[in-house]
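One point on numbering: in the UniProt record's numbering, the residue at position 129 of the sequence shown is 129, and numbering is uninterrupted.
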Amino acid sequence: MTPPHVSQPNVSQPNVSQPNVSRPDTSRPDTSRPGSSKRAGIAMDDEEVAAFLRDGGKLQLATINPDGTPHLVTMFYGLADGKITFWTYRKAQKARNLERDPRVTCLVETGDEYAELRGVMIYGKARLIDDPEEVLSVGMDVTRRMTGMPSSEEAPQADDPLRAYVAHTARKRIAFVVEPTRTVSWDHRKLPGASVG
1 MTPPHVSQPN VSQPNVSQPN VSRPDTSRPD TSRPGSSKRA GIAMDDEEVA AFLRDGGKLQ
61 LATINPDGTP HLVTMFYGLA DGKITFWTYR KAQKARNLER DPRVTCLVET GDEYAELRGV
121 MIYGKARLID DPEEVLSVGM DVTRRMTGMP SSEEAPQADD PLRAYVAHTA RKRIAFVVEP
181 TRTVSWDHRK LPGASVG
């Protein structure tokens with residue numbers, strides 16, 4: 001016996017349209033987020049960043065290991081046209097990392113108390129310098145900062161022994177200049193109610 005035909009009810013599916021969700025504009029800082037206006041308020045301007053880097057001597061340098069983990073070291077640095085420079089041995093881990101992946105992050109910071117904290121963090125790509133004279137120039141700048149020796153303009157007579165030392169060391173070294181892609185800075189002395197000293 002053939003079972004009676006049972007028709008399925010005609011249930012129309014509701015017309016569900018996707019909500020019109022606008023994507024956030026990431027091209028400019030989002031000042032609507034909590035804390036964003038405070039961060040903008042303590043940022044350094046370009047002149048303050050330049051002065052802070054001139055007065056500094058050491059930085060934390062982050063490169064990327066082959067397994068993706070960060071390689072972090074403290075280094076003395078120099079400046080060339082306002083850009084961070086540093087040198088290292090050719091076979092150092094950071095040099096090998098940068099040969100494979102030039103992305104780098106540099107942090108220069110100072111301060112002990114919270115209201116004194118200042119820092120500049122630079123994201124960028126490290127460009128190799130292997131010309132002997134340019135490597136020597138970077139090495140001279142870095143070594144002056146490291147030893148506290150005056151520049152050649154300030155004390156020309158002190159330049160010769162320093163140059164001989166740096167030239168001897170430079171034979172095994174290469175240098176890098178950081179081409180910045182993004183800079184973040186903070187100066188907690190600008191916080192409301194902050195007092196220093």
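C-beta atoms are modelled at their ideal positions from N, C-alpha and C, and glycine is treated no differently.
Computed from a predicted structure; not experimentally measured.
One question on the structure: do residue i and residue j come within less than 8 angstroms of each other, judged by their Cβ atoms?
i	j	result
Gln60	Thr74	yes
Val166	Ile129	no
Arg118	Phe76	no
Ala62	Val104	yes
Leu162	Thr143	yes
Ala40	Ser185	no
Thr183	Val135	no
Ala126	Leu191	no
Ala95	Pro132	no
Arg90	Arg173	yes
Lys38	Glu179	no
Output needed for residue i: all residues of its chain with C-beta closer than 6 angstroms, excluding positions within five of it in sequence on either side, in chain order.
i	result
Val138	Gly78, Thr85, Trp87, Ala175
Tyr123	Thr105, Thr181, Arg182
Gly56	Val108
Asp141	Gly78
Starting from residue i, follow its DSSP beta bridges and name the residues at the other end.
i	result
Gly139	Beta-bridge pairing links Gly139 to no other residue.
Phe176	Phe86, Leu128
Phe52	According to DSSP, Phe52 bridges with nothing at all.
Ile166	A small correction: the amino acid at residue 166 is Val; Ile does not occupy that position in the sequence shown. DSSP output for Val166 lists no bridge partner at all.
Thr147	Bridge partners of Thr147: none, in fact.
Asp187	Arg118
Arg182	Tyr123
So, at 7 angstroms on beta carbons, what are the nonlocal neighbours of residue i in its own chain, with the 5 sequence-adjacent residues on each side left out?
i	result
Val21	Any answer about Val21 is weak, because its pLDDT of 42 lies below 50 and its placement is not dependable; what the coordinates show is given next. Cβ neighbours of Val21 beyond the five flanking positions: none.
Asp101	Ile64
Thr69	none
Arg54	Leu79
Would you mind reading off the limits of the alpha helix (DSSP H) that contains residue i?
i	result
Leu117	First-last for Leu117: undefined, no H or E at that position.
Can you list, in chain order, the residues of its chain with a C-beta nearer than 8 angstroms to that of residue i? Leave out the 5 residues immediately preceding and following it.
i	result
Lys58	Thr74, Met75, Phe76, Tyr77, Val108
His188	Ile42, Gly111, Tyr114, Ala115, Glu116, Leu117, Arg118, Ala194
Leu98	Thr63, Val104, Ala126, Leu128, Phe176
His71	Ala62, Thr63, Ile64, Asn65, Gln93, Lys94, Asn97
Starting from residue i and walking both ways along the beta strand (DSSP E), at which residues does that stretch end?
i	result
Lys58	58-64
Ala80	78-80
Arg100	Arg100 -> not in any beta strand (DSSP E); alpha helix (DSSP H) instead, spanning 93-100.
Leu107	103-110
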